[in-house]
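S.K.:
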Amino acid sequence: MPQFRFFSLLLIISSTACAVRIGAQQPTVAERFLFEAANQERRAAGLQTLQWNPRLAQSARRHAQSMAEHHALSHQFSGEDDVTSRAATAIVHFSEIAENVGVAPSPLEIHAAWMVSPDHRKNILDPNLTSLGVSVVYRSGSLWAVQDFAHDVQELSFMAQEQRVGNLLSNTGKLHNIVATEAARQSCTMKTGYAGDRRPWFVVRYVASDLSRLPEQLMTRLNTGRYTQAAVGACPLHNSSFSGYHIAVLLYP
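With my numbering, the residue at position 78 of the sequence shown is 87, and numbering never jumps.
1) Touch check for the stretch 176-187 and the stretch 130-143: three-plus C-beta pairs under 8 Å?
2) With a threshold of 8 Å, are at least 3 pairs of Cβ atoms found where one atom belongs to the stretch 151-159 and the other to the stretch 167-185?
3) Return the chain-ordered list of same chain residues with a C-beta closer than 6 Å to the C-beta of residue 171, the five sequence neighbours on each side being excluded.
4) Output needed for residue 52: all residues of its chain with C-beta closer than 7 Å, excluding positions within five of it in sequence on either side, in chain order.
5) Assuming residue 112 is part of the beta strand (DSSP E), what are its boundary residues?
6) Please say whether residue 123 and residue 111 have beta carbons closer to each other than 8 Å?
7) What's the gap between the Cα of residue 87 and the Cα of residue 48?
8) Considering only their Cβ atoms, is the gap separating residue 161 from residue 179 smaller than 8 Å?
9) Kindly list the residues whose CB is nearer than 8 Å to the CB of residue 54, restricted to its own chain and excluding five residues on each side of it in sequence; keep chain order.
10) Just how far apart, CA to CA, sit residue 196 and residue 83?
11) So, with DSSP's three-state summary, where would you put residue 206?
Rendered as structure tokens:
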């Protein structure tokens, strides 16, 4: 299921400030430090490292600038989009999102404090997250930092989605005929029922953040041995800031 989490941290420590370039498109020294530090923690924990996501960094930059302007920590100021909407506006495709925010005189202190905070640490070490964008804004002796994490969803055409699901169905060895049809695509857009003249024995609709496996409900149906043919259709996932693949599989005897 789509998820989002966010945590803030206020850290006031006297130290020499680290200057950063505000608004730079390439990661600044402070931003790169917080990115690399997060991945160092993940490597030490035996986790996959996060990929740099420039679109998430763009989303984080907008919010870091807002925090610096308000001189306050928050995940959403009055009149500002929340983290999911900011990421969607930056054209980030995700099924899960999380955010850390903090303020301190140096990035080293920000990272150290995040790692002793259970909730911030949980975001940094979440095995389900795959990418990270970081922004750090310098204002009046303080660094205002935002880490936006996401589980990325690969952009695929409907045809590519249908082909991947079709390959998974074929690999089960339980079906003799698997096709992508317009009726299946139309059925995907429906909450109930089916489209087309040919009535399926069963329809499975599901949303997934990856297409590496078939849903349990569909496998249970296939294991009955009652079905020999399938039609596959993909359609848009509407009314959600989160991304994913919307699939329908029509099963026939």
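Beta carbons are placed, not taken as given, at the ideal position from N, Cα and C, and that holds for glycine.
M.R.: Straight from the coordinates:
1) no
2) no
3) 189, 241, 243
4) 58
5) 103-113
6) yes
7) 33 Å
8) no
9) 134
10) 43 Å
11) coil
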